[in-house]
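Working notes for the structure below.
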Amino acid sequence: MNQTSLTQTLSQLPLGEIRYFDSIGSTNDEALKWAQSGARDMSILVADEQTLGRGRMDRPWFTPPGTALAFSMVLRPTLDEKPHLSRLVGLAALSIAQTLQTFRLSPQIKWPNDILLNQRKVAGVLIELVWAGDEVACVVIGIGINVLKRAVPGTDILRFPATSLEDALGNAVDRENLLRNTLSAFIDLRPQLGGDLLMNKWGELLAYRGRQVRVEMGGDRTVAGRLEGILSDGSLRIRDDNGKSVTVNFGDVRLRPFTDILKNKATNV
Ligand code: BTN
């Protein structure tokens, strides 16, 4: 992967500027700076290695050289899109999931931002906003996909089981093509941001739907119940154990299938 080959691979897509780095702290950090200094809509920043990659809730995200796809895109949302920005995480997750489906894999989306293969996390999405007063000027969407086995960190630091495309397919895939196909899916889905189609497709791929889950919301607050689905603003609906409907918004939340919790308790992890 390099600037020339990347520019060539992505040449047919309607993108802004493309920037490639052999190594960087975090593509999201760099894209946030770029957004503030005027990056055009759909500008893309890709790195072979991240030394300070970040996940949600400031967790580290590992991107050793040559093993993963790590990129950020800068979006300048239109007036029509602005009321629906909370759905962007679903749009991004769905773009990844649809791309993985072309490999005959069966991805699921673990709300809010994880893509699973065989119940293990293969990719994540990190969305950050750039404000101009009380208006969102830009959105940075960071995507990390574990391509090779070596992209998966050791079990000692994992909070959720992880996997890679190499694990799932038995072979490596070309990272530039993976990027092109993910971006292409995103561009095709983007006009659906405010529509029902996105919500239906997101709902279809939702992990643990109809199953017993537990949502940990920071502090001691947890909700246990049946995962019913996603509401139109992208929040999660749970039917709690007393039969009450509970809405969970993005933020510092962790979603766990009930069996996983039992297992974790048993092993005291
Ligand atoms: C998560 O699972 O919590 C989100 C992971 C997002 C990782 C990607 S890799 C590219 C971009 N740059 C970062 O520092 N993070 C995102």
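Heads up: the sequence shown begins at 96 in my numbering, then just goes up one per residue. Backbone N, C-alpha and C fix where the C-beta goes; we use that ideal spot for every residue, glycine too. The structure displayed is predicted, hence computed values, not measured ones.
Residue i (DSSP reduced to helix, strand or coil)
i, result
"Glu112", "coil"
"Glu311", "strand"
"Ala188", "helix"
"Arg199", "coil"
"Trp297", "helix"
"Phe157", "coil"
"Arg366", "Examination of residue 366 is not possible in this model, given that the chain is present from 96 through 364 alone."
"Lys339", "coil"
"Trp226", "strand"
"Glu271", "helix"
"Thr102", "helix"
"Gln145", "strand"
"Thr317", "strand"
Residue i vs residue j beta-carbon contact at 9 Å
i, j, result
"Leu375", "Leu189", "Nothing about residue 375 can be read from this structure; the chain reaches only from 96 to 364."
"Ile282", "Pro172", "no"
"Val234", "Leu284", "no"
"Arg349", "Val310", "yes"
"Val225", "Val217", "no"
"Gly249", "Gly150", "no"
"Ala263", "Phe345", "no"
"Val184", "Ile222", "yes"
"Arg316", "Phe353", "no"
"Ile191", "Ala302", "no"
Of the listed residues the options, nearest to residue i (C-alpha basis)
i, options, result
"Leu260", "Gly298, Arg215, Leu278 and Gln287", "Arg215"
"Asp229", "Lys177, Leu127 and Arg199", "Lys177"
"Thr104", "Thr277, Phe345, Gly329 and Ala319", "Thr277"
"Ser167", "Pro155, Leu200 and Ala130", "Ala130"
"Ile368", "Ala165, Ile238, Ala280 and Ser279", "Given a span of 96 to 364 for the chain in the structure shown, any question on residue 368 remains unanswerable."
"Ile240", "Leu326, Asn272, Thr250 and Glu223", "Asn272"
"Asn337", "Arg321, Ser330, Val343 and Ile325", "Arg321"
"Asn266", "Ser279, Lys244 and Gly298", "Lys244"
"Gly111", "Met96, Ser121, Ser100 and Gly133", "Gly133"
"Leu101", "Val247, Ala126 and Ala142", "Ala142"
"Arg351", "Ser121, Leu211, Val308 and Gly298", "Val308"
"Glu299", "Ile325, Gly290, Phe116 and Asp136", "Ile325"
"Trp331", "Val242, Leu211 and Arg182", "The residue you asked about is not Trp; residue 331 is Leu in the sequence shown. Measuring from the Cα of Leu331, the nearest candidate turns out to be Arg182."
"Arg275", "Gln107, Gln98 and Asn97", "Gln107"
"Gln287", "Ala187, Arg135 and Asp335", "Ala187"
Residue i: CB within 8 Å of a non-hydrogen atom of the ligand BTN
i, result
"Lys339", "no"
"Gln145", "yes"
"Ala263", "no"
"Trp206", "no"
"Arg154", "yes"
"Ile238", "yes"
"Leu221", "yes"
"Phe166", "yes"
"Lys177", "no"
"Asn213", "no"
"Gly161", "no"
With 16 other Cβ atoms within 10 Å as the buried cut-off, status of residue i
i, result
"Ser340", "exposed"
"Thr162", "buried"
"Asn123", "buried"
"Asp269", "exposed"
"Gly313", "exposed"
"Asn208", "buried"
"Pro256", "exposed"
"Thr258", "buried"
"Pro202", "buried"
"Lys128", "exposed"
"Gln69", "Residue 69 lies beyond the residue range present for the chain, which begins at 96 and ends at 364; the question has no answer from this structure."
"Leu147", "exposed"
"Thr342", "exposed"
"Met137", "buried"
"Arg154", "exposed"
"Gly329", "buried"
"Gln193", "buried"
Residue i: CB within 8 Å of a non-hydrogen atom of the ligand PLP
i, result
"Thr194", "Although the ligand PLP was asked about, the structure shown includes only the ligand BTN as ligands."
Below-9 Å beta-carbon distance, residue i vs any chain D residue
i, result
"Arg154", "In the structure shown, chain D cannot be found, because there is only a single protein chain."
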